[in-house]
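Here the structure comes first, spelled out in structure tokens, and everything after it is commentary.
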Amino acid sequence: MTVTRRRETVASVLWSWTTETACAPAQARRALRCALDQLGFPQPVIDDAVLAAGELVANAVEHGVGPYELRLHKESGGELLCEVEDHDPHLPEIPQPRRPVSSDVSDFQDLDALCAALEERGRGLQIVDRLSQGRWGFRRAPGPAKVAWMVLPR
Numbered sequence: 000m001t002v003t004r005r006r007e008t009v010a011s012v013l014w015s016w017t018t019e020t021a022c023a024p025a026q027a028r029r030a031l032r033c034a035l036d037q038l039g040f041p042q043p044v045i046d047d048a049v050l051a052a053g054e055l056v057a058n059a060v061e062h063g064v065g066p067y068e069l070r071l072h073k074e075s076g077g078e079l080l081c082e083v084e085d086h087d088p089h090l091p092e093i094p095q096p097r098r099p100v101s102s103d104v105s106d107f108q109d110l111d112a113l114c115a116a117l118e119e120r121g122r123g124l125q126i127v128d129r130l131s132q133g134r135w136g137f138r139r140a141p142g143p144a145k146v147a148w149m150v151l152p153r
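In terms of numbering that gives the first Met the number 0, the sequence shown opens at residue 0 and continues consecutively.
Right, dumping it as structure tokens:
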């Protein structure tokens, strides 16, 4: 996974919102779905892109500071990038992959070990990583802001 990526073209803003916007993540996902449909992406690719971008949007809302933007843009090589910007300049630490959770509860010595294995935190970025085929990351943006980005599969 690459941590930074330089923007080479102007992005189209699909959705802007603040902390006061009702149902903003759902509206951001709908805006992306509509844009990708209009661009002629096949439905399975749209579904995967919306799921992965939804994770980036959710992280921005939970951990970032508004206002927020969801953008799409084509790079010079023809790749389509999805970006989510928030106004917290702190680049997050990327969680390390967890070992697979065993289906045999007897593998765990105690309840704390089992609970740690079932922890939900950090799984959203694992979804982004898988659906973007490892082509995602974070970069600082002008002013006190950061951008989470991912390349959309074709």
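From the three backbone atoms N, C-alpha and C, an ideal C-beta is built for every residue, glycine too.
Here the structure is a predicted model, which means the values were calculated and not measured.
Asked	Found
In terms of residue numbering, what span does the beta strand (DSSP E) encompassing Cys22 cover?	Careful: Cys22 lies outside any beta strand (DSSP E) and carries neither H nor E.
Rounding to the nearest angstrom, what Cα-Cα distance links Ala59 and Gly76 in this structure?	27 Å
Out of curiosity, what's the CA-to-CA distance linking Gly65 and His86?	6 Å
Could you tell me if Glu19 is buried or exposed, where buried requires 16 or more neighbouring beta carbons within 10 angstroms of its beta carbon?	exposed
Note down, one range per segment and in chain order, each alpha helix (DSSP H) of at least 4 residues found wholly within the segment 28 to 81.	42 to 62
Rounding to the nearest angstrom, what Cα-Cα distance links Trp135 and Gln26 in this structure?	22 Å
Verify whether the separation of the beta carbon atoms of Leu13 and Ala30 is less than 7 Å.	yes
Applying the criterion that 16 or more other CB atoms from any shown protein chain within 10 Å of the CB defines a buried residue, is Asp128 buried or exposed?	buried
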